[in-house]
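Chains as they are written, first to last, in our numbering: chain A, 8 to 322; chain B, 8 to 322; chain C, 8 to 322.
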Amino acid sequence: MTTSLAGRDIISLSRLGNGQIKKIFDLARDFRRMFDRCHALPPLMAEKVLALIFDQPSTRTYGSTGIAMVRLGGLLAPPFIAASVASSLAKGETFEDMGSSLSEMTVDVIAMRHKKVGSAQRLANGASIPVINCGDGTGKHPTQALLDVFTASRSIGILDSCTVTLLGDLKNGRTVHENGPLFGRFGVQRFFLVSPPLLAMPKRIVTQMERHGTTIIQTQDLEAALKESDLVYATRIQREYFESEEEYDAVRGSYVVDAALLQRTNPNVKVMHPLPRVDELATDIDKLPNALYWEQMRNGVFVRAAILALITGAI
Amino acid sequence: MTTSLAGRDIISLSRLGNGQIKKIFDLARDFRRMFDRCHALPPLMAEKVLALIFDQPSTRTYGSTGIAMVRLGGLLAPPFIAASVASSLAKGETFEDMGSSLSEMTVDVIAMRHKKVGSAQRLANGASIPVINCGDGTGKHPTQALLDVFTASRSIGILDSCTVTLLGDLKNGRTVHENGPLFGRFGVQRFFLVSPPLLAMPKRIVTQMERHGTTIIQTQDLEAALKESDLVYATRIQREYFESEEEYDAVRGSYVVDAALLQRTNPNVKVMHPLPRVDELATDIDKLPNALYWEQMRNGVFVRAAILALITGAI
Amino acid sequence: MTTSLAGRDIISLSRLGNGQIKKIFDLARDFRRMFDRCHALPPLMAEKVLALIFDQPSTRTYGSTGIAMVRLGGLLAPPFIAASVASSLAKGETFEDMGSSLSEMTVDVIAMRHKKVGSAQRLANGASIPVINCGDGTGKHPTQALLDVFTASRSIGILDSCTVTLLGDLKNGRTVHENGPLFGRFGVQRFFLVSPPLLAMPKRIVTQMERHGTTIIQTQDLEAALKESDLVYATRIQREYFESEEEYDAVRGSYVVDAALLQRTNPNVKVMHPLPRVDELATDIDKLPNALYWEQMRNGVFVRAAILALITGAI
């Protein structure tokens with residue numbers, strides 16, 4: 008199997024081989040090292056145009072994909088923001104036609120977030136250029152998973168003998184549906200899945216995670232899980248999935264990660280979070296060495312830069 | 008009459024001479040040839056700034072104007088999107104003041120789409136820099152007409168002895184109001200105007216089209232028209248102009264251009280459409296040599312690049 | 008006290024020394040001179056990224072900050088427009104977290120307008136990079152005040168013995184709350200504050216303005232004030248603060264600055280306005296030498312360019 012990524016869409020991680028992912032990580036690592044040293048990236052994307060199509064609120068994915076592009080010397084088409092009201096999608100244009108249209112308009116690569124599951128694949132079906140899925144509703148968000156695993160392995164080193172706790176809304180969070188299996192592929196030995204019963208990880212994702220011989224332990228006991236974990240990956244619990252305010256408040260209170268909890272259970276555990284946070288992740292961790300979420304955002308720029316450079320064949 | 012375009016607004020085609028239009032087409036042709044060969048345009052717009060003001064949904068016009076600018080090495084002001092709510096137009100600023108303001112802010116050229124008829128002219132009245140009308144409601148959309156005629160003549164060659172069918176909503180479609188007369192100026196000999204009676208071409212446009220000795224035939228018989236046409240230009244039929252769902256469905260069904268229709272009537276007829284389409288243009292034509300609508304989008308970048316370079320005096 | 012601005016936030020003018028402000032003005036003057044001569048600025052911001060976060064309608068501040076950046080060779084992150092619905096602020100992210108996030112995402116400087124008073128300070132608290140407050144609701148708008156005083160002193164010369172009339176809604180207008188005290192610091196000798204009683208300048212701002220020995224005269228007699236003024240700074244009177252349409256119309260009519268008024272009272276008085284205007288400033292002044300509001304907009308680009316270059320340490 009070739010590891011070349013030129014011309015490839017990044018729609019779902021299940022279609023990327025480990026060799027391809029390592030290629031992305033290697034380039035991201037080089038980009039980061041270069042940037043940390045001289046606050047610049049090489050102008051690999053000169054004369055290339057990225058179109059951003061974003062339908063849903065986004066700070067990190069939208070911002071860092073665009074920043075990666077301009078830091079590589081690339082060009083941005085004027086952004087399609089609130090795309091379902093402000094682009095021709097509002098007039099009933101199909102995703103396929105939008106993909107074809109942008110391809111004809113000399114765009115070199117598209118990054119799209121849209122609330123419809125499958126939208127990025129449909130866009131890619133119409134496009135003759137590579138498409139990056141930046142989140143298709145409750146579907147996939149592959150670049151987030153890539154930057155998560157990149158960050159974990161960069162900070163912790165070999166993930167082979169690690170234990171990871173995934174925490175929060177494991178039912179609806181597209182992030183953990185992608186990075187859970189990816190952590191599994193990269194050797195994580197054991198997972199604690201900690202969530203309210205209502206928000207448990209779907210069976211099909213658990214199955215994917217078990218594929219590599221990984222042990223999966225589903226529990227509601229966060230403290231016990233943390234004691235045996237190298238890493239905890241926290242996500243937001245969303246109010247709208249609860250029937251009453253009381254139920255929500257009870258659950259929410261029991262899944263707050265703060266400095267006291269770390270002190271009590273495992274002062275060395277690393278803490279990740281895709282952000283934005285509401286109150287499931289306390290700010291008193293922000294300056295501790297446990298916090299990896301700042302690194303996640305920083306690495307997001309370099310992982311996305313690597314993806315852009317590789318799929319457009321710029322490198 | 009001078010053919011220089013430096014400093015000229017592009018508000019309506021009636022104010023452009025044939026020499027000026029040919030100048031735009033010649034440069035667009037050069038740009039396209041250069042880009043097809045080396046995937047780059049010359050940096051003619053270095054140090055020049057384009058402001059995009061877009062009030063209404065747009066993929067192609069907004070995207071390709073911006074892409075043309077950055078491919079020419081030009082700079083984009085941050086875009087004014089949903090301008091009637093997110094710029095000072097929302098506080099009651101006049102178009103004239105917005106034109107003056109952007110001129111003072113060192114902008115070199117403005118491209119605006121706004122739903123108010125006459126808005127681009129008013130902006131241009133206030134501005135000391137050239138303004139491109141990218142669609143003013145039911146008014147004009149000159150760059151679309153230019154890229155349409157450019158595409159037809161590039162694909163078909165001399166238009167002098169051609170027959171063109173304009174199809175769909177000929178009453179409300181600003182596209183056919185501009186490109187109809189322009190096809191006439193460029194020598195088209197005969198037009199079939201095919202539309203439901205409710206959506207017939209306005210008399211004043213027919214008069215403009217007849218000015219060059221062109222024959223105009225108004226009919227509802229699409230098949231007969233196609234049999235004698237070199238080119239059919241299809242447009243969307245908009246539901247909101249019909250009194251009942253039944254009426255709409257009846258009309259809509261009889262104006263669908265698909266591969267079977269072409270096969271039955273005229274396998275050589277070229278098919279154009281400004282896109283987006285709903286279902287009046289079937290996707291089974293997409294890969295046939297008849298389809299010119301992909302070419303329209305591609306040429307849109309180069310026609311707009313030519314306009315930008317010429318009206319700013321960059322060339 | 009050091010006059011260096013590298014790394015400084017521009018949140019409120021009260022925290023900038025006169026030496027620092029003069030440094031901004033000197034550089035803005037150089038930039039303007041250079042641009043007037045060769046239509047270009049030096050590429051001081053190469054490899055630097057600006058993030059624009061704009062929640063409220065804006066043409067001038069948003070546009071000219073972005074234009075300043077690209078004219079200096081800097082890069083724009085894709086803009087965060089309508090940020091309270093289209094960025095993670097919509098998911099409950101705090102301003103502090105947004106500041107931290109953009110800092111990690113390798114952004115070099117942020118310019119934000121948001122309707123919440125104090126929002127820019129909170130963003131800056133989270134950020135490790137400089138933040139420019141482009142208006143925080145009824146709070147501060149320091150770059151507007153800087154360009155106002157820069158424009159006045161560039162056109163009038165030494166402000167020491169000047170009399171300035173501030174006109175309109177002095178209660179709610181954040182512009183006059185910032186530029187009033189700044190005019191005072193730069194030596195203006197006497198102010199007429201002309202407003203309907205309902206919209207009088209708040210006591211705390213009057214106190215700030217008096218600090219430098221300035222004489223403050225509150226009046227409703229615009230004609231008398233103009234007769235003794237070198238400069239009148241007009242602002243919009245907003246309908247929503249009046250109880251009845253009649254009250255509003257009465258007030259509004261008595262505060263219109265037009266050519267006849269200038270002729271009648273003081274043909275030499277300079278006229279400033281932050282724009283947008285509704286009808287308190289007549290267009291018959293637009294071409295007169297009295298009008299400084301075009302200069303304000305033009306200088307806005309260069310004052311903001313100077314701020315960007317200084318706070319990022321590019322110069």
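Glycine included, C-beta positions come from ideal geometry on N, C-alpha and C. This structure is a prediction, so every number in the text was calculated from the model and none was measured.
Check	Outcome
For L177 (chain B) and V183 (chain B), believed in contact at Cβ under 8 Å, the rounded distance	5 Å
Interface residues of chain C facing S95 (chain B) [CB-CB closer than 8 Å]	P64, S65, T66, R67, L282 and P283
Own chain partners of L57 (chain A) with C-beta closer than 8 Å, once the 5 adjacent residues on each side are dropped	T72, G73, M76, G81, L82, L83, A84, V114, D115, V116, I117, A118 and L315
Status (buried if at least 16 other CB within 10 Å, exposed otherwise) for K122 (chain B)	exposed
C-alpha distance - V124 (chain C) paired with L109 (chain C), whole-angstrom precision	20 Å
Beta carbon of A324 (chain C) nearer than 9 Å to that of A266 (chain C)	This structure leaves residue 324 (chain C) out entirely; chain C is present only between 8 and 322.
Endpoints, alpha helix (DSSP H) assigned at R120 (chain A)	That residue, R120 (chain A), is in no alpha helix (DSSP H); its beta strand (DSSP E) goes V116 to H121.
Cβ shell of N306 (chain A) (< 8 Å), same chain only, five flanking positions each side left out	A35, R39, L154, F157, T158 and R161
Cβ-based burial, C141 (chain B) [other Cβ within 10 Å; buried from 16]	buried
Presumed contact (8 Å Cβ cut-off) between I244 (chain B) and E185 (chain B), rounded CB distance	That belief does not hold up - the Cβ atoms of I244 (chain B) and E185 (chain B) are roughly 19 Å apart, past 8 Å.
The segment 93–107 of chain B contacting the segment 94–113 of chain C, beta-carbon criterion three pairs below 8 Å	no
is_contact[T242 (chain C), chain B] using C-beta, thresh 9 Å	no
Pairwise C-alpha distance: L299 (chain B) and E235 (chain B)	18 Å
Spatial distance of L268 (chain C) from M279 (chain C) (CA atoms)	15 Å
Test item: CB-CB of T221 (chain B) and L200 (chain B) under 9 Å	no
Proximal residues to T68 (chain A) (C-beta, below 6 Å), its chain only, five neighbours per side dropped	C141
F87 (chain B) at chain C interface by Cβ criterion, 9 Å	yes
Unbroken stretches of the beta strand (DSSP E), 3 residues or longer, contained in the segment 191–278 of chain A	197–201, 222–226 and 238–241
Residues in the segment 164–190 of chain B having any Cβ partner in chain C nearer than 8 Å	none
Nearest candidate by alpha-carbon position, reference G14 (chain B), set B:A131, B:R259 and B:I212	B:A131
Beta-carbon proximity check, I318 (chain A) vs I28 (chain A), cutoff 9 Å	no
Selected residue, minimal CA-CA separation from T242 (chain B), among B:C169, B:K55 and B:R259	B:R259
Short CB-CB distance (under 9 Å) between D291 (chain A) and chain C	no
Residue span of the beta strand (DSSP E) that contains C141 (chain A), given as start and end	V138 to D143
Proximity test, Cβ basis, 9 Å: A127 (chain B) and chain C	no
Residues from the segment 124–149 of chain C in contact with chain A, defined by Cβ distance under 8 Å	none
Beta carbon of S94 (chain A) nearer than 9 Å to that of P281 (chain B)	no
Amino acids of chain A, ordered along the chain, whose beta-carbon sits closer than 7 Å to that of V77 (chain C)	None at all; the shortest Cβ gap to chain A is about 11 Å.
Proximal residues, the segment 47–64 of chain B versus chain C, C-beta separation under 8 Å	E54, V56 and A58
CA nearest to the CA of H148 (chain B), picked from B:L20, B:I60 and B:L12	B:L20
Cβ pair I1 (chain C), G187 (chain C) closer than 9 Å	This structure leaves residue 1 (chain C) out entirely; chain C is present only between 8 and 322.
Contact list for D104 (chain C) against chain A, beta-carbon separation under 8 Å	L282, P283 and R284
Opening and closing residue of the beta strand (DSSP E) in which A58 (chain A) lies	V56 to F61
Test: T72 (chain A) CB closer than 9 Å to a CB of chain B	no
Whole-Å CB distance - D143 (chain C) paired with S126 (chain C), under 8 Å assumed	5 Å
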